[in-house]
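Let me begin by presenting the structure, written as structure tokens, before commenting on it.
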Amino acid sequence: MSLTEFSTITTDGQVHQDGPLAYAYLPAPTVQSHAANLMTLGNGNLGCVWFGGTQEGVADISIYFSTLQRLSEGEWAENWSAAQQLSFDSTRSEQNPILYRHGEELWLLYTAQHAGNQDTSEVRRRISMDDGNTWSEPQTLFAATEHGGVFVRQPPVEVDGRLFVPVFRCATVPGQKWVGDFDDSALMVSTDGGATWDEQIIEGSTGCVHMNIAALADGTLLALYRSRWADWIYVSRSEDGGVSWSVPEPTELPNNNSSIQFVSMKDGRLALIYNHSQADEQTERRLSLYDEIDDEGLDSNVDGPVVFEPVATEDTGVRKAFWGTPRAPLTVAISTDNGHSWPHRRNLEVGDGYCLSNNSREGLNREFSYPSIHEGADGALHLAYTYFRQAIKYVRIDPSWVSAQEVDADA
């Protein structure tokens, strides 16, 4: 089934102008599109990768790639290129792609798992020497371990000759299906350009995933995290170039157990894109990210949500991952004090954010989620995110569109 058979979203890649915002829906050859990541390529063009197929976790989920041509400083083509499929494993769901420029190489990192079992995931890599026109054969970069699966979401960072790939570890619990209760964060660290890797676990990070790192103007490193508990965005810092990190602690900003991303801009400010929402006692829950699926097919779970137990259980004291918090609004925020506060915030998308089913065939999902944010050479902010699980939406803004709006400190 093609997207056009059930959706009114025109995924033709054409860039439109809406006041100060330029936007496009990237070409979508599949029913579902999710988890975009942006990167400027070596030729100056903008690249975007995401995953698509029938439904997350199904073995037909693959990685797709599209580019927007840079014509000159601040000038861009009117259309994104047709989507190019970059992964082809018919036995695994291939997800969470990342583009990263490593010298003359363009890396594509992505995950590959069996069905909805994130604890089986491994990280794979392909390399392009010509800005994505051709690619090397896939190789397993980080294999699953006895602890569980290895996942990526955020781009690598190089600091003083040390290359960091943020990962989160999806823990296996014997006799139980993965639901995310014990996931934590780690860094894969290389001092030889990616030839060999060591694992550096982030202490105290259980429940904190999607570690997103950036170097700050004062020479320190900042990391922001998604929360499995759907409460707050978490933060930790390093003052020694990433050798050690503070224990993650809550920020002032809410999180709904969905992805975030921030970037350190050339002028020293930070720009963040996230869902300004969190769970409370009234929020409906679902058991996990996935509907009931296996490698052979899927169950759309169209009968509605199921209410599960409270976030904490008194008998074990284990906090439970909270799935189902609405993934809206989608908000852009700017910090002028290295991430200690975020006084400038503006909603990019608003809606009910319904995400109690990942089903895209029936058009049930209404989330704005899994955003990517990237600063261009001209200082513009390039954004890409999931739109209703049916398309990847691209938006280009000037940071002043956000910084012109200031919120109350208590808001």
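Numbered per our numbering, the sequence shown spans residues -8 to 402.
Backbone N, C-alpha and C fix where the C-beta goes; we use that ideal spot for every residue, glycine too.
Computed from a predicted structure; not experimentally measured.
Per DSSP, cross-strand counterpart(s) of residue i
i              : result
cysteine 199   : Ser218
asparagine 28  : Val40
glutamate 366  : Leu372
leucine 321    : Asn266 and Glu340
serine 119     : Leu97
isoleucine 204 : Ala214
glutamine 23   : Gly44
proline 409    : The requested residue 409 is not part of the displayed model; the chain covers only -8 to 402.
arginine 228   : Leu213
Anticipated Cβ contact below 8 Å, residue i with residue j, distance rounded
i                : j             : result
tyrosine 376     : serine 351    : Between serine 351 and tyrosine 376 the Cβ distance is about 15 Å, and since that is not below 8 Å, they are no contact.
valine 15        : glycine 33    : As written in the sequence, residue 15 is alanine, which differs from the valine given in the question. That belief does not hold up - the Cβ atoms of alanine 15 and glycine 33 are roughly 22 Å apart, past 8 Å.
serine 332       : glutamate 243 : 7 Å
asparagine 329   : aspartate 209 : 7 Å
leucine 374      : valine 393    : Wrong, their Cβ atoms sit about 11 Å apart, outside the cutoff.
asparagine 28    : proline 88    : 6 Å
phenylalanine 42 : glutamine 86  : 5 Å
isoleucine 364   : glutamine 252 : 5 Å
arginine 318     : glutamate 358 : 4 Å
leucine 100      : arginine 116  : 5 Å
serine 206       : leucine 215   : A small correction: the amino acid at residue 206 is alanine; serine does not occupy that position in the sequence shown. Rounded, the Cβ-Cβ distance is 13 Å, inconsistent with contact.
proline 362      : serine 250    : 7 Å
Proximity of residue i and residue j at Cβ, strictly below 8 Å
i              : j                 : result
serine 78      : proline 129       : yes
leucine 321    : leucine 339       : yes
tryptophan 220 : phenylalanine 313 : yes
glycine 233    : arginine 153      : yes
asparagine 203 : proline 157       : yes
proline 11     : isoleucine 388    : yes
threonine 380  : histidine 25      : Before going on, a small fix: residue 380 reads as arginine here, not threonine. Yes, the pair counts as a contact, with Cβ atoms nearer than the cut-off.
glutamine 23   : glutamine 60      : no
serine 84      : isoleucine 54     : no
aspartate 172  : valine 180        : no
glutamate 96   : methionine 120    : yes
arginine 260   : isoleucine 193    : no
proline 245    : tyrosine 225      : no
Other residues of its chain near residue i: CB distance less than 7 Å, five sequence neighbours each side excluded
i             : result
valine 298    : Residue placement at valine 298 cannot be trusted, given a pLDDT of 33 that sits under 50; the coordinates are not used to answer.
threonine 316 : Ala221, Asn247, Asn248, Ser268, Gln269, Ala270 and Thr274
serine 112    : Thr102, Ala103, Gln104, Ala135, Gly140, Val141, Phe142 and Cys161
alanine 50    : Ser81, Thr82, Arg83, Ser84 and Asp286
histidine 131 : Residue 131 is actually threonine in this sequence, not histidine. Here the set comprises Glu113 and Arg115.
threonine 187 : Ser181
aspartate 343 : Pro317, Ala319 and Arg357
Sequence-distant residues of the same chain with beta carbon closer than 6 Å to residue i, five excluded per side
i                 : result
proline 390       : Leu372
threonine 182     : Arg153
phenylalanine 159 : Phe142, Asp174, Ser176 and Val200
leucine 355       : Ser348
alanine 382       : Ile0, Thr2, Tyr16, Ala19 and Ser24
valine 323        : Ile264, Arg337, Leu339 and Val393
Close Cβ partners of residue i (< 8 Å) along its chain, the five nearest in sequence each way excluded
i             : result
glutamate 366 : Val254, Met256, Lys257, Ala262, Leu372 and His373
threonine 163 : Asp110, Glu137, His138, Gly139, Gly140 and Trp169
threonine 125 : Ser119
Ranges of the beta strand (DSSP E) found wholly within the segment 47 to 114, counting only runs of at least 3:
53 to 59, 61 to 63, 84 to 93 and 96 to 105
Runs of 4 residues minimum, wholly inside the segment 140 to 200: which ones carry the alpha helix (DSSP H) assignment?
Complete alpha helix (DSSP H) runs here, min 4: none at all.
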